[in-house]
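The opening residue of the first sequence carries number 1 in UniProt numbering; numbering runs sequentially from there.
Ideal Cβ placement from N, Cα and C applies to all residues, glycine included.
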Amino acid sequence: MHAVSDVYPCKSVRIGISLSLSLSLSLSLSLSLSLSLSLSLSLSLWLMATVSSYQPWKSEFSKMSDRKEPTSISCTASLPMLWKEYFRDPSQWWDNRSRKVHPGYPDFKHKGTKQCLWIDNPCTPSWVTAELSRRSMETPLPARPVICDDCTAFVVSLRACAKSKDLRKGSLIHEEILRKGLVDQCSDALITMYAKCGALVKAQELLDIHSSRNAYTWTAMITAYAQHKQARDALRCFEHMQLAGLSPDAVTFACVLNACSSVQDIDKGRKIHAEIIRQGLIGDDVVLGNALLDMYAKCGALSTAQYLLQWLPSRDVVSWNALISGYTLLGQGEQALRCFEQMQIEGFSPTSVTFTCILEACGSIGALEKGEEVFYEIAKQELFENNIVLGTATVDMFAKCGALSKAQQVFQNLPSRDVVSWNALIAGYAAQGQGNQALECFAKMQQEGISANEVTYSCILDACGSLGALDKGTEVHHEITRQNLLQTNIVLSTAVVDMYVKCGAFQSAEQVVEELPLQAVAPWNSLITGYARQGQSDQALKCFKLMIHRGINPDAVTFTGVLNACSHLGLTDEGLMHFMSMKKIYNVKPDIGHYTCMIDLFGRSGQLDKAMEVIKEMPPGEDLAVWSALLGACQKWGDVNVGKRAFEHSVELSQNDAAAYALMANIYATASLYNDAEKVEV
DNA sequence: ATAGGGTTAG
C-alpha cells in the first residue's frame, strides 16, 4: 500500500512541477500526503496531461497567467518559494545559463529536486526581480544562437539510437555530424549514445576530447562502465568528473554506489553515503536509498542494510528485494526467508524479482517445501509468461534441492528457454552424479539450436569426469579451445584439467596445465590432489615443485594435496618442511585437514611425540578430530604415553566420545596394562 | 527537443 499510494504519485507530482512550473511545491506535497489514492492519482494524471501539451518556448506564460484555475494560484504561490530557496543557497542549483540554447531551456535547476527557474518568467514577483537585478542577473544570458535544426535533428536521432542500442546507425550519424562540423554542439549526445550502446572506448575518447560540462553525460559514462562490469573504470570516471568541477547528483551517486558494490568497496560506499547525507539527498529519493541499501547488502554488511531499510524515509518493494538478495548472496537463506515473511506482513507484495531471490534462497538451503509453495504462487499469478529468469530460477531451485524430475517437468513447461535455463538443468544432473542425463540434455539443447556457453561446458566436463567419459570430454575440450575460451576463464580451465584427472588421463591434464595462458592455482590444485588421490604421490610432489618454479602461489588446497602425498610416501621431513613453509613463506593458515595430515604423516612412522608438538600449536576449538586421529595412531603403535594425553584431550573436548574410550582401553590392553584398561572402560 | 543519466533477479 505504502509504495502504491504514497511514493509513486508523489514522484509523478514532482516531475509535473519541474516541467510545468505551474504548481506550488508546498501545495502539491501536502496534497500528495493528505489526499486519498484516487485523488492523488487523478491529480498526477491531470498534471501529466498539462505537461504533455505545455510548450514554454511558445511563450505560454502569458496565456497561463491569464487562466483562472488552478494555475494562477500556483504561479504566484510557488515561484517566490523557489526563488527564496535559490537565494538562500545558489550552490544547490545548477546554473545552466551558459548552456542555454533555447529560451525554453531553464536558467537554473535544483540539484536535488530538479525544479527549474527561468529568470524572465513573467510571473516572477517584483521583490525577486529586484534581488536579481541587485545580483546583476536581471536578464538571462543570451541564449547561444545555435538553434540549428540540423543539430536538433541529430540529437533526437542519437537519442533514438541510444535507446534502441543501435550502434551502427549511431556511428553513421556521427559521420554525418563530422561532415557538417557540428561535433561540438552534439558531443554530449554522441558520448551518451556510444556509452549506452556499450562502445565505451569511443565514448571515453569523445569525453576526453570534448571535456563535457554536462553532469548527465558523465553519469551516462559512469553507468555504462558499471553495466559492463568495469566498475573500477566507473569509479575512476567519477573521480575525473569531480576533478572537472562537476557536482554529482542523486542519480550519479546511485550509479557510483552500484559500482562500489561490484568491486565490494564498502569504504568508498560509506564515503558516498556520508556525502549523500551531507547534501540531504536521501529524503525524497527511493531509488537512491535503494542503491545505498543494495551497496551495503552486496558488500555483506547486512546489519547496516537492515538498519537502512528500517530508517529510510521512503522504501518500497525494491528495498526489500535488495535486502533479500543480499542475504541470499551471503548464503543466509533462512534470513532471506524471514525477510520475505516480514515484507508481506508489512503489506508489500512480492514481485518477480522477490520470487527469483527467494527461489535461490530455497535452493541454497534445500528448502524444497517452501520452494514448491513459492512455485505454485508464481504459477497462480501467471508470472512465468515472458519471464525466463523466473522460470530458470525455479528449475534451478528444484535441481539444487535434488528434485530433478520436478525440475525437468517445470523446464519442459517453460514458455521459452535460453542457455541459462538449460545450464540450470544440466548442472543439476551433473551435481547429482547423473552424468548421462546431463549429456542427454546437452545434446537436446544443441538440437534446439542453442549454443553452449562457458557454464554449460563446465557442467558437461564435470559430467564427463564422473562418468569417466574421456572421449566426450576430449571432444568438449577441443571445442572450448576452438572458441578460445581458456584464454580468460580460470574456472573452465580447471574444469578441463579436472575432467582429464578424473578420467585418469594425467598426461593430457599436465599438458593442459602447462599450456594455460593464465597463471592460476586452481588447475594446478586439481592436478596435484588428483595425483595424490590416485596414490601417485611422487607425481603430485613433482607438479608442486613445477608450480612453485612457475611462480604460482600455493593455497590451502595445494598443501592438503602435498601433505597427503608426503604422508603416503613416508616423507616425514619433507612433509614437515612444507607444513612450516605454508605458514612462514606462503602465509596460508593450516586448517583441520592439514593438521590431520600431519598426524597421519608422523603416525605412519611412529613419531607420535612430534605429532603432538604439531597439534599443540593448533588454535583451541575445533580440534577434536585431530586428537582422535592421534589416538588412532597411538593404538597402531601401542604408544601409551602419547595415547594417554591424546585421550585426555579428546575427553575434555567431548564428554561422551565412546570411540575415544574404546581406543584408549585397547591401547592399554595391547600394552598388557589390563588394570588401566578396565578403569577406562568404567 | 528541452530532457537527458539511476536501484532489486537465473
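Check	Outcome
4 or more residues per run - each alpha helix (DSSP H) lying fully within the UniProt repeat "PPR" (214-248)	215-227, 231-243
S164 classed as buried or exposed, judged by whether at least 16 other C-beta atoms fall within 10 angstroms	exposed
Selection from Q534, Q519, R533 that minimises the alpha carbon distance to G551	Q519
For A305, the nearest candidate out of F238, A336, L281 (CA to CA)	A336
Paired residues, beta bridge with K109 - DSSP	W94, C116
Cβ neighbours of L527 in the same chain (closer than 7 Å, five flanking residues each side left out)	V497, V501, A509, E510, V513, C543
Completely contained alpha helix (DSSP H) runs for the segment 411-488, where each covers 4 or more residues	419-431, 435-447, 454-467, 470-482
Secondary structure of Q55, DSSP reduced to three states	The predicted model places Q55 with a pLDDT of 30, which falls under 50 and marks its position as unreliable, so this point remains unresolved.
C-beta contact flag for L624 and L653 at 8 Å	yes
Boundaries of the alpha helix (DSSP H) in which T529 is found, first to last residue	521-533
Exposed unless 16 or more other CB atoms sit within 10 angstroms - verdict on L257	buried
Helix, strand or coil at S672 [DSSP, three-state]	coil
Which listed residue (Q344, Y327, I378, F348) has its alpha carbon closest to that of I365	Y327
Contacting residues, own chain, Cβ-Cβ under 6 Å from Q264 (five flanking each side not counted)	C299
Cβ-based neighbour list, N553, same chain, cut-off 7 Å, excluding 5 preceding and 5 following	V521, Y586
With 16 other Cβ atoms within 10 Å as the buried cut-off, status of M664	buried
Three-way DSSP call (helix, strand, coil) for R168 in this model	helix
Nearest to E515 (by Cα), restricted to the options N484, Q536, C503	N484
T572 vs Q607 beta-carbon contact at 8 Å	yes
Within 8 Å, strictly: CB atoms of A565 and S605	no
Nearest-angstrom Cα separation, counted from D396 out to A662	46 Å
Alpha carbon of T351 to alpha carbon of N489, nearest angstrom	34 Å
Outcome for N290 when other beta-carbon atoms lying within 10 angstroms are tallied against a minimum of 16	buried
Proximity of S628 and A677 at Cβ, strictly below 8 Å	no
Rounded separation between L546 and E475 - CA only	28 Å
Inter-stretch contact at 8 Å, needing at least 3 Cβ pairs: the segment 438-450 / the segment 459-470	yes
Same chain only: Cβ atoms within 6 Å of I222, ignoring 5 sequence neighbours per side	A234, C237, F238, C255
8 Å CB neighbourhood of E131 in its chain, flanking five on each side removed	W83, F87
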